[in-house]
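What follows is a set of notes on a single structure, which appears directly below.
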Amino acid sequence: MRARRRVVGRLAAWSVLETAQTFLTGYALARALDAGFLAGRVDVGLGWLAAAAVAVVVGAYGTGRVYGAVAALVEPLRDRLVRHVVERGVRDADRGALSRLTQQVEIARDTFAGLVMVSRSFVFTAAGALIGLFSLAPPLLLVVAPPLAAGVALFALTLRPLTRRQEAFLVADEELATQLGAFCPGLRDITAAGAEDQVAADAETRIAAEQCAARSLARWGVVRVVALAIGGQLPIVLLLATAPWLLAHGVTPGALVGALAYVTQSLLPALQNLIHGLGTSGSRLAVVLRRLAPDTPAPTDAPAPAPCPDTTSAAGSAPHGPPAAVTLSSLTFAYGPASEPVIDGLDLAVPHGTHLAIVGPSGIGKSTLTALMAGLLAPTGGSVDIRPAPDLPAPDRPGHPGHPVRVLIPQEAYVFTGTFAENLGQLRPAPVPERELLAAAEALGLSPLLDRLGGPMAEVDPGTLSSGERQLIALTRAYLARAPLALLDEATCHLDAAAEERVERAFARRGGTLVVVAHRISSALRADQVLVMDGRRTAYGSHDELMERSPLYRDLVGAWSPSSGTPAAPAAHRPEWSHPALPLRDPDGVDAVAGAGLPRDRRHVVAYGPVGQMEASGDLRDGGTLGGQ
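The opening position of the sequence shown corresponds to residue 2 in my numbering, with each subsequent residue numbered one higher.
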């Protein structure tokens, strides 16, 4: 506006015509009554009313010219903001540019125009009305001016809190627009991956946050209504209540009617436009300009909006007291609406720093459980709550830029073409220092491969690596990620027993919570706690506890072959009916699928010796047959 002083001058000059109209609205009515109709001079009364009518026509002409001056101020502002948003979006890859360009720039344009109109209108209208009241009778100012000033002052006190809450609303709107901008182009992929529930939950969280901000903003609308009642409607009541006193102190009936006209026809509409226009448009303009031009300083003395009490995160509310690292509450999951649940009503609390091994027959749901913990699958019932340790260092806390809360290493490791340093530091926000990278490689046993291929800056060709080498790279990457929760879903299945033990002990020494889907029962012997999955007959405890009370776990330990490189369970814990099965990838080509005594083991081939020796039909404990094999 300082750069367009001539436009502002034109705006003020045309606004003077509206001031004359306001002045004559009440003054001409008072003179028409006192000097005309009440005095028996109808011609004089009609003359003053004609003067008021002419003032309305002149004021309307001035109002038309006012819109032209406002447009000369508003459109250049809009053009500047559009250029700024586009430049910033291209230069900085600003994710909020879509919301700023399509919504916030238009908000700035419209609100700036509204701000200029209502502010100008109130200033010139109030000036014309107050001058008219003083011209009619000074005592009228004593009745009208104090409540008007009080209403304006109360409204002024609400502007800063309104601005802060308006900003919170726009921030929530930006986040929602950004998320929808990412979701909408990928709806087909979301449907194909079965991620509709998870995406919907994320969207509901953003929508709830915007709804919370809108509610907080709406509550301050009550204060604006009170300000309008004090400043615009209370003077009418006071004029009527003090009419006898005013008439006794020299105020004429025409002056009293003119005062009522000033308040009802000029001051009340002008104040109403000011409160609704400046209260909404003005605060939105201040917020939008800060969002569009982030260098603009934000107010620091206004209180931040209070959180919405009735809005909860999709992940659930935080429990009281120190939470567990992983809390599963009535967790249920099925792969289809008509399918039997793979996991049914599982309750589990894994303390911070625990090394947990998950064991159970093939297909029982171990990988499904880790996918639920990792957030790759959404539960069909219950909840999964992942929380960091209370004493976790700041760089490892959830929400710290670049550091994941949890990391999942699946059986099939992913390695991309690039250097070792790029592969190992993929989950870190900045390049990993070489000393830290080499230390991690040494801890997990990757150093021989690293040295053989030429060091951290050597190029990696995934096609030339073995499955075990790819797993070591993925495990080291996860180790360097500093995630408080590490999930290993048979991530060491291509390593030998010694390499697997080295990896698991390295993760355990690093700290945090480690969950391992055990490929070998030796993983369970190293773990602090073991989860035995067998449908609804799930067992949880230490190795010794489970050997006492879990027949399935005893059988899994008894069926473990000593040829794996680790001694078998103590003889006292080996039940008589359990015999060592052949190891997986047996040279004779027979895999041990299940052991004797396992529930639901009908139709399985169970090998107990060289090829050609197997249990006969009917020998299994559940009485089932071998399906003719």
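Beta carbons are placed, not taken as given, at the ideal position from N, Cα and C, and that holds for glycine.
Nearest candidate by alpha-carbon position, reference Glu341, set Gly536, Leu373, Tyr415 and Gly182
Ranking Gly536, Leu373, Tyr415 and Gly182 by Cα distance to Glu341 puts Gly536 first.
Would you kindly check if the distance between the Cβ of Thr333 and the Cβ of Asp386 is under 8 Å?
no
Cα separation between Leu445 and Glu501?
9 Å
DSSP three-state label for Tyr415, please.
coil
Whose C-alpha, out of Ala114, Val144 and Gly69, is nearest the C-alpha of Gly233?
Val144
Cutoff 6 Å; reference Val343; Cβ partners in own chain excluding five residues on either side:
Around Val343: Phe334, Gly366 and Thr369.
Name the residue from Glu19, Leu425, Pro162 and Gln530 whose alpha carbon lies nearest to the alpha carbon of Pro456.
Residue identity check: residue 456 is Gly in the sequence provided, not Pro. Among Glu19, Leu425, Pro162 and Gln530, the Cα nearest to that of Gly456 belongs to Leu425.
Determine the burial state of Gly182: buried for a count of at least 16 other Cβ atoms within 10 Å of its Cβ, exposed for fewer.
exposed
Could you tell me the distance, in whole angstroms, from the CA atom of Arg603 to the CA atom of Thr206?
Model confidence at Arg603 stands at a pLDDT of 41, short of 50, so the residue's coordinates are unreliable; what they give is reported in the following sentence. Roughly 46 Å between the two C-alpha positions.
CB of Leu272 within 8 Å of CB of Leu241, strictly
no
Candidates Gly69, Ala130, Arg121 and Val9, of which the one nearest Thr26 by Cα
The shortest Cα separation from Thr26 among Gly69, Ala130, Arg121 and Val9 belongs to Ala130.
Tell me which residues share the same chain as Ala29 and place their Cβ nearer than 6 Å to its Cβ, disregarding the 5 neighbours each side in the sequence.
Trp49, Ala52 and Ala53
For the alpha helix (DSSP H) holding Gln1, just list the boundary residues, first then last.
Beyond the ends of the chain as shown, which are 2 and 630, falls residue 1; an answer cannot be given.
Could you work out which residue in Val67, Arg6, Val8 and Leu34 is closest to Val17 when comparing CA atoms only?
Looking from the CA of Val17, the closest CA among Val67, Arg6, Val8 and Leu34 belongs to Val67.
DSSP state of Thr164 mapped onto helix, strand, coil
helix
For the alpha helix (DSSP H) that Tyr554 lies in, which residues bound it at each end?
Annotation: the continuous alpha helix (DSSP H) that includes Tyr554 extends over Pro552 to Gly559.
Thr514 by DSSP, collapsed to three states: which one?
Strand at Thr514.
Do Val117 and Ala74 have their beta-carbon atoms positioned less than 8 Å apart in this structure?
Per the sequence shown, the amino acid found at residue 74 is Leu instead of Ala. In this structure, Leu74 places its C-beta atom within 8 Å of the C-beta atom of Val117.
Residues in its own chain within less than 6 Å of Ile474 by CB, not counting five upstream and five downstream?
Val416 and Asn424
I need the DSSP call for Glu460, collapsed to helix, strand or coil.
strand
In the structure shown, what three-state DSSP assignment does Leu447 receive?
In the structure shown, Leu447 sits in coil (DSSP, three-state: anything other than H, G, I, E or B).
Any 3 or more C-beta pairs closer than 8 Å across the region 155-166 and the region 183-199
no
Among Leu547, Ala196 and Gly255, the one whose alpha carbon lies nearest that of Leu378:
Out of Leu547, Ala196 and Gly255, Ala196 has the C-alpha closest to the C-alpha of Leu378.
Please look up how many angstroms separate the CB atoms of Leu142 and Leu268, rounded, as I've assumed it's under 8 Å.
With 8 Å as the limit, Leu142 and Leu268 do not qualify as a contact, their Cβ atoms being about 12 Å apart.
According to DSSP, is Gly542 helix, strand or coil?
strand
For Gln412, collect the residues of the same chain with a Cβ closer than 7 Å to its Cβ; drop the 5 residues on either side in sequence, then sort them by chain order.
Asp490, Glu491, Ala492 and Cys494
Where Met458 falls, given that 16 or more other Cβ within 10 Å makes a residue buried:
exposed
Classify Pro485 as buried or exposed, calling it buried when 16 or more other Cβ atoms lie within 10 Å of its own Cβ.
buried
Look at the Cβ atom of Leu476, then the Cβ atom of Ile522, and state whether they are nearer than 8 Å.
no
Host beta strand (DSSP E) of Gln199 (start-end)
Run containing Gln199: none in the beta strand (DSSP E); it sits in the alpha helix (DSSP H), Glu197 to Arg220.
In this structure, how does DSSP classify Thr477 when only helix, strand and coil are distinguished?
helix
Ser330 (DSSP reduced to helix, strand or coil):
In the three-state scheme derived from DSSP, where H, G and I count as helix and E and B as strand, Ser330 is classed as strand.
Could you tell me the alpha carbon to alpha carbon distance between Pro394 and Ala204, rounded to whole angstroms?
Residue placement at Pro394 is poorly supported in this model, since its pLDDT is 48, which falls under 50; the coordinates still yield a value, given next. Rounded to the nearest angstrom, the two C-alpha atoms are 30 Å apart.
Please determine, among His356, Pro380 and Ala210, the residue with the shortest C-alpha to C-alpha distance to Pro338.
Pro380
Check whether the region 506-520 and the region 459-467 touch, using three or more Cβ-Cβ pairs below 8 Å as the test.
Short answer: they don't touch.
Alpha carbon of Ala372 to alpha carbon of Val531, nearest angstrom:
Near 18 Å, if we compare the C-alpha coordinates of Val531 and Ala372.
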